[in-house]
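*Asks:* Numbering (the numbering used here), first residue to last: -5 to 299.
1. How many angstroms separate the CA atom of residue 126 from the CA atom of residue 136?
2. Classify residue 104 as buried or exposed, calling it buried when 16 or more other Cβ atoms lie within 10 Å of its own Cβ.
3. According to the neighbour-count rule (16 or more other Cβ atoms, all chains shown, within 10 Å of its Cβ), is residue 235 buried or exposed?
4. With respect to the alpha helix (DSSP H) encompassing residue 6, which residues constitute its N-terminal and C-terminal limits?
5. Less than 8 Å between the C-beta atoms of residue 27 and residue 3, yes or no?
6. Using C-beta distances below 7 Å, list every residue in its chain close to residue 226, excluding the 5 sequence neighbours before and after it, in chain order.
7. According to the neighbour-count rule (16 or more other Cβ atoms, all chains shown, within 10 Å of its Cβ), is residue 202 buried or exposed?
8. By how many angstroms is the C-alpha of residue 69 removed from the C-alpha of residue 61?
9. Taking a contact to mean a Cβ-Cβ separation below 8 Å, would you say residue 83 touches residue 275 in this structure?
10. Tell me the DSSP secondary structure of residue 269 in three-state form.
11. Since I believe residue 260 is in contact with residue 113 (beta carbons under 8 Å), could you give me their beta-carbon distance rounded to a whole number of angstroms?
12. Can you check DSSP and say which residues form a bridge with residue 216?
13. Would you decide whether residue 253 is buried or exposed? Buried here means 16 or more other CB atoms lie within 10 Å of its CB.
14. Out of 36, 52, 40, point me to the one whose CA is closest to residue 10's CA.
15. Pick from 96, 81, 30: whose alpha carbon is nearest that of residue 292?
16. Hey, is the segment 148 to 155 in contact with the segment 212 to 224, meaning 3+ C-beta pairs nearer than 8 Å?
17. Which of the three DSSP states is assigned to residue 263 in this structure?
18. In or out: residue 56 buried (at least 16 other Cβ within 10 Å) or exposed?
19. If we ignore side chains and look at the alpha-carbon of each, how far apart do residue 158 and residue 241 end up?
20. How many Å lie between residue 264 and residue 130 at the Cα?
21. Return the CA-CA distance between residue 13 and residue 22, expressed in angstroms with no decimal places.
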């Protein structure tokens, strides 16, 4: 930064034509300006300006330096102005990550609407049910299940996500439906093994607040929430699923809630981003847009297509 300051003074002196004029333009004393120029010459080992009380002239080395530095400083100022404007005007690349179910069915349509509202923002949407590292994965905003453990990140609850134990009538045919969490040990359980999921450790709470921890087992494991739902619909086992994700299937009787007196923990969705301060306008705009449309996110997924 000191070198940039020195070179900026040098360019201003050349454009002003004299040290005194440059002094007026920059609000610096002639002696201070002379020190800036002398520091450049000492670093380069050549004289760039021949100056006296009556005026100054560029040396050939000074002319070569001036032409190149003037161009570079102009480009630098344009770059600074562009980035500074990003503070107030949404523009540039915005990288968004979301879970698969919510992302494909709800976030993706909203992203396309956001893009129309802010044509200067290019949104890259990544979908996955894995853990997202905001730094290593180069993500600006993540919609994730559960709040992150990293205290440097901001996590705002976007919507609640209650869960329930369910199975299809086809699976239950000829089987005794579980009535108590311990009964799950006798059933084929479908296991979702991804970030934020219960995996094979299912925790249920009874109506009196008692906690029941069950290690379930089964022959089918996936890291994809949509695959788990399809397995449940096809009668491959018992699933612990987001009610939001299967609401229509429950309503149509394609899935049946099991043990309704036992409540599973919520897997709430969070908006996650880095820091509250110095957020670019594109990030602030996207966060505000999602919060304004949160009621649309809460609508059950339609899986009729």
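Even for Gly, the Cβ is constructed at its ideal location relative to N, Cα and C.
Keep in mind that this is a model prediction, so the values were computed, not measured.
*Replies:* Reading off the structure:
1. Along the chain shown, one-based indexing puts residue 126 at 132. Along the chain shown, one-based indexing puts residue 136 at 142. Computed Cα separation, rounded: 8 Å.
2. Here residue 104 corresponds to residue number 110 of the chain shown, with the count starting at 1. So residue 104 counts as buried.
3. Position 241 of the chain shown, counted from the start, is the residue given in the question as residue 235. Buried, because 16 or more other Cβ atoms sit within 10 Å of the Cβ of residue 235.
4. Against the chain shown, residue 6 aligns to sequence position 12. Element bounds for residue 6: -4 to 10.
5. Working through the chain shown from its first residue, we reach residue 27 at position 33. Working through the chain shown from its first residue, we reach residue 3 at position 9. In this structure, residue 3 lies closer than 8 Å to residue 27 by Cβ.
6. The count along the chain shown starts at 1 and reaches residue 226 at position 232. So the list reads 160, 161, 162, 184, 233, 235, 249, once near-sequence residues are dropped.
7. Stepping through the chain shown from its first residue, residue 202 is reached at position 208. Exposed, because fewer than 16 other Cβ atoms sit within 10 Å of the Cβ of residue 202.
8. The sequence position of residue 61 within the chain shown is 67, counting from 1. The sequence position of residue 69 within the chain shown is 75, counting from 1. Straight-line Cα distance between these residues: approximately 13 Å.
9. Residue mapping note: residue 83 aligns to position 89 of the chain shown, counting from 1. Residue mapping note: residue 275 aligns to position 281 of the chain shown, counting from 1. Cβ distance < 8 Å, so residue 83 and residue 275 count as in contact.
10. What you label residue 269 is simply residue 275 of the chain shown in a count that begins at 1. Here residue 269 sits in coil by DSSP.
11. In the chain shown, counting from the first residue as 1, residue 113 sits at position 119. In the chain shown, counting from the first residue as 1, residue 260 sits at position 266. By a beta-carbon distance limit of 8 Å, residue 113 does not contact residue 260. Their separation comes to about 37 Å.
12. Position 222 of the chain shown holds residue 216. For residue 216, which the question treats as bridged, DSSP gives the partners 186.
13. Numbered from 1 along the chain shown, position 259 holds the residue referred to as residue 253. Burial call: buried.
14. Mapped onto the chain shown, residue 10 falls at position 16. Nearest option by C-alpha distance: 52.
15. In the chain shown, the residue the question calls residue 292 occupies position 298. Comparing Cα-Cα distances from residue 292 to each of 96, 81, 30, the minimum goes to 96.
16. Segments in contact, no.
17. Here residue 263 refers to the residue found at position 269 of the chain shown. If DSSP states are grouped into helix, strand and coil, residue 263 belongs with the strands.
18. Within the chain shown, the letter at position 62 stands for residue 56. Per the 10 Å Cβ criterion, buried.
19. On the chain shown, residue 158 is found 164 positions in, with the first residue counted as 1. On the chain shown, residue 241 is found 247 positions in, with the first residue counted as 1. Going from the Cα of residue 158 to the Cα of residue 241 covers about 10 Å.
20. Translated into the one-based positions of the chain shown, residue 264 becomes position 270. Translated into the one-based positions of the chain shown, residue 130 becomes position 136. Cα-Cα distance, rounded: 19 Å.
21. For the purposes of this step, residue 13 is taken as the residue at position 19 of the chain shown. For the purposes of this step, residue 22 is taken as the residue at position 28 of the chain shown. Each residue's Cα considered, the two are about 10 Å apart.
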